[in-house]
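Just so you know, full-length UniProt numbering puts 58 at position 58 of the sequence shown, and the rest follows in order with no gaps. For reference, the structure discussed in these notes is given below.
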Amino acid sequence: MNNELHKIAKDIVDEAEKHNAIIAIGNLNGVRNNNKGRKVNRKVNSIPFYRLKEYIKYKAMERGIAVIEVPEYNTSKQCSRCGSMNTERPSQGVFICEDCGYQVNAGINGAKN
Numbered sequence: 001m002n003n004e005l006h007k008i009a010k011d012i013v014d015e016a017e018k019h020n021a022i023i024a025i026g027n028l029n030g031v032r033n034n035n036k037g038r039k040v041n042r043k044v045n046s047i048p049f050y051r052l053k054e055y056i057k058y059k060a061m062e063r064g065i066a067v068i069e070v071p072e073y074n075t076s077k078q079c080s081r082c083g084s085m086n087t088e089r090p091s092q093g094v095f096i097c098e099d100c101g102y103q104v105n106a107g108i109n110g111a112k113n
């Protein structure tokens with residue numbers, strides 16, 4: 001598991017370096033406190049989020065890349081283009097802003113926020 005986490009962290013830091021970007025990590029407090037069923041709970045609880053976050057931080061620090069922790073509240077509801085909350089999610093993977101007309105994959109919109 002550690003080897004996989006190191007590889008994931010390296011890939012994230014490589015991508016940030018390639019795009020001259022900072023790394024924003026969501027605050028994952030409470031992510032394990034869900035009630036999505038036994039199978040999903042088991043998978044989520046097996047992921048060592050804290051360890052992955054620490055690997056990303058130290059690998060980024062070695063290369064001088066900033067890492068910030070951001071709240072995830074409303075990231076899936078707010079438009080990453082104009083900031084509007086007047087948005088729609090017609091399906092799990094689709095995000096549409098009613099104000100500026102921006103349409104994008106919902107996960108991409110949340111990540112940009």
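Each residue gets a CB set at the ideal place from its N, CA and C atoms; glycine is no exception.
Inclusion of Tyr50 and Ala9 in the CB contact set at 8 Å is not warranted, their separation being larger than that value. Given a length threshold of 3 residues, each whole run of the beta strand (DSSP E) inside the UniProt domain "Cas12f1-like TNB" (49 to 113) is given here in chain order: 67 to 70, 87 to 91, 94 to 97 and 103 to 105. Residue range Ile23 to Gly26 is occupied by the beta strand (DSSP E) that includes Ala24.
If the five residues before and after Ile23 are omitted, its C-beta is found closer than 8 Å to the C-beta atoms of Ile12, Val13, Ala16, Ile56, Ala60, Ile65, Ala66, Val67 and Ile68, all from its own chain and listed in chain order. Taking each of Asn113, Gly83, Thr75 and Val104 in turn and checking the Cα distance to Ser91, the smallest one comes out for Val104.
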